[in-house]
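Asker: Note that this note's numbering has the sequence shown beginning at 31, numbered continuously upward. Cβ atoms here follow ideal geometry from the backbone N, Cα and C, with glycine treated the same way.
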Amino acid sequence: MLLERPGFHKALFLFTFLFALSPFASASSALFIGLGFALILGNPLPDLSNNASKWLLKLAVIGLGFNVNIEEVLAVGRSSLVLTIISITATIGLGEILSQVFRLNRNTGTLISFGTAICGGSAIAAMAPVIKARQDEIAISLSVIFALNALGLLIFPWLGHYFSLSENQFALWSALAIHDTSSVVAAASVYGPVALTMATTIKLTRAMWIVPYAAMAGVFWRSSEKASIPLFIIGFIAAAMINTWLPHYQPVWSVLYSGAKSVLVASLFLIGSGVSMAMLRQSGWRPFAMASILWFIVSGVMLLLILDGLITL
Numbered sequence: 031m032l033l034e035r036p037g038f039h040k041a042l043f044l045f046t047f048l049f050a051l052s053p054f055a056s057a058s059s060a061l062f063i064g065l066g067f068a069l070i071l072g073n074p075l076p077d078l079s080n081n082a083s084k085w086l087l088k089l090a091v092i093g094l095g096f097n098v099n100i101e102e103v104l105a106v107g108r109s110s111l112v113l114t115i116i117s118i119t120a121t122i123g124l125g126e127i128l129s130q131v132f133r134l135n136r137n138t139g140t141l142i143s144f145g146t147a148i149c150g151g152s153a154i155a156a157m158a159p160v161i162k163a164r165q166d167e168i169a170i171s172l173s174v175i176f177a178l179n180a181l182g183l184l185i186f187p188w189l190g191h192y193f194s195l196s197e198n199q200f201a202l203w204s205a206l207a208i209h210d211t212s213s214v215v216a217a218a219s220v221y222g223p224v225a226l227t228m229a230t231t232i233k234l235t236r237a238m239w240i241v242p243y244a245a246m247a248g249v250f251w252r253s254s255e256k257a258s259i260p261l262f263i264i265g266f267i268a269a270a271m272i273n274t275w276l277p278h279y280q281p282v283w284s285v286l287y288s289g290a291k292s293v294l295v296a297s298l299f300l301i302g303s304g305v306s307m308a309m310l311r312q313s314g315w316r317p318f319a320m321a322s323i324l325w326f327i328v329s330g331v332m333l334l335l336i337l338d339g340l341i342t343l
């Protein structure tokens, strides 16, 4: 059969990726096509697609900044200051309690808690050297968070429609409850254009808290390592500043923004193609159970507060 030939399998994968990059593919279709390809045919280029998805998502997030006003970013940061500090601190504290309940080692529990509280893989990558985490602890934490990210991409838009959330409400909920910035952007892009812009702004504003919280962790761990803000966050802010302060070049910024959305859709295909049952088996049940319960509590509480109008944009 043709599919049994490695060359044809790879060619079909690359052709499908190019389709996802074209204007004919939507965010949701690209994600499900990627999932279907991985689960039915298998991903013939797992390492390449995994690395490419990370870089393309970062580029897409930067490009989305060309449709954002920097004054909105600052306004979101000011208005959500108290909520951000309380929610991040409470999530990390609850994570530490659950880590003890499930008898996880301290580093693994901290990485999962930190990733859940702020921005998934980026937060884990920033925190790992500060607490001197081993490679296996980092790998387990990332695999658990990535698995839950994939689940969030599938269920959050559906839940948003089920609870009749507006695009603003969904943007707030997804930014507070989904782990990775890339997954927030992906889920919001499926929900609607307003949700996409607002969720990206809220999540990236929240992600800037990586540094102060990692610095505090360094004090407790007595570590000399320092965390830094991920470069794609700086790129997003720079793009928003350019868009705001150079309005005469708006046609150029619009083209860059449109290109970023196409790159985002193609990235969703790669994300979907990277999902496998092996990812879940590798992490074991304790870290996955701890992370799932923590995520369920955080996302459930945030949803209730949003529906009750206690948290608004």
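With residue 78 as the anchor, note down where its alpha helix (DSSP H) starts and where it stops.
Answerer: Taken as a continuous stretch (DSSP letters only), the alpha helix (DSSP H) holding residue 78 covers 76-94.
Asker: So, under 8 Å CB-CB, residue 154 and residue 141 are touching, yes? Tell me the CB distance rounded to an integer number of Å.
Answerer: Contact holds; Cβ gap of about 5 Å.
Asker: Looking at residue 160: is its Cβ nearer than 7 Å to the Cβ of residue 237?
Answerer: No, Cβ-Cβ distance for residue 160 and residue 237 is not below 7 Å.
Asker: Where residue 65 and residue 122 are concerned, what is the direct C-alpha to C-alpha distance, given to the nearest angstrom?
Answerer: Each residue's alpha carbon lies about 31 Å from the other.
Asker: What three-state label does DSSP hand residue 430 in the structure shown?
Answerer: Residue 430 cannot be examined here, being either before or after the span of the chain that is shown, 31 to 343.
Asker: For residue 265, does the three-state DSSP call read helix, strand or coil?
Answerer: DSSP places residue 265 in helix when its eight states are reduced to three.
Asker: For the stretch 181-231, list the alpha helix (DSSP H) runs that are entirely contained and at least 4 residues long, ordered along the chain.
Answerer: Segments of the alpha helix (DSSP H) lying fully in the stretch 181-231: 197-207 and 211-221.
Asker: Have a look at 97, 217, 86 and 320 and flag the residue whose alpha-carbon is nearest the alpha-carbon of residue 281.
Answerer: Nearest C-alpha to residue 281: 97.
Asker: In or out: residue 287 buried (at least 16 other Cβ within 10 Å) or exposed?
Answerer: So residue 287 counts as buried.
Asker: Pull up the CB-CB distance for residue 186 and residue 204, whole angstroms please, since I reckon it's below 8 Å.
Answerer: Right, their Cβ atoms sit about 6 Å apart.
Asker: If you compare alpha carbons, which of 330, 113, 303 and 324 is closest to residue 43?
Answerer: Comparing Cα-Cα distances from residue 43 to each of 330, 113, 303 and 324, the minimum goes to 303.
Asker: According to the neighbour-count rule (16 or more other Cβ atoms, all chains shown, within 10 Å of its Cβ), is residue 344 buried or exposed?
Answerer: Because the chain is modelled from 31 through 343, residue 344 falls outside the range shown and cannot be assessed.
Asker: Any idea what DSSP makes of residue 299, helix, strand or coil?
Answerer: In the structure shown, residue 299 sits in a helix (DSSP, three-state: H, G or I).
Asker: Residue 148 to residue 117, Cα distance in whole Å?
Answerer: Near 9 Å, if we compare the C-alpha coordinates of residue 117 and residue 148.
Asker: Which same chain residues end up closer than 7 Å to residue 336 when comparing Cβ atoms and leaving out the 5 residues on each side of it in sequence?
Answerer: Cβ within range, chain order: 199, 202 and 203.
Asker: Use the C-beta contact count for residue 262: other C-beta atoms within 10 angstroms, 16 or more gives buried, fewer gives exposed.
Answerer: Label assigned to residue 262: buried.
Asker: Over the uninterrupted alpha helix (DSSP H) stretch that includes residue 151, give me the two end residues.
Answerer: First-last of the alpha helix (DSSP H) with residue 151: 150-161.
Asker: Within the same chain, show all residues whose beta-carbon is closer than 8 Å to that of residue 316, passing over the 5 residues directly before and after it, in chain order.
Answerer: For residue 316, where only same-chain residues beyond five positions count, the Cβ hits under 8 Å are 132, 133 and 134.
Asker: Rounded to whole angstroms, how far is the Cβ of residue 244 from the Cβ of residue 120, which I believe are closer than 8 Å?
Answerer: At roughly 18 Å, the Cβ-Cβ gap does not stay under 8 Å, so residue 244 and residue 120 are not in contact.
Asker: Within 10 angstroms of the Cβ of residue 234, are there 16 or more other Cβ atoms? Answer buried if so, exposed if not.
Answerer: Flag for residue 234 reads buried.
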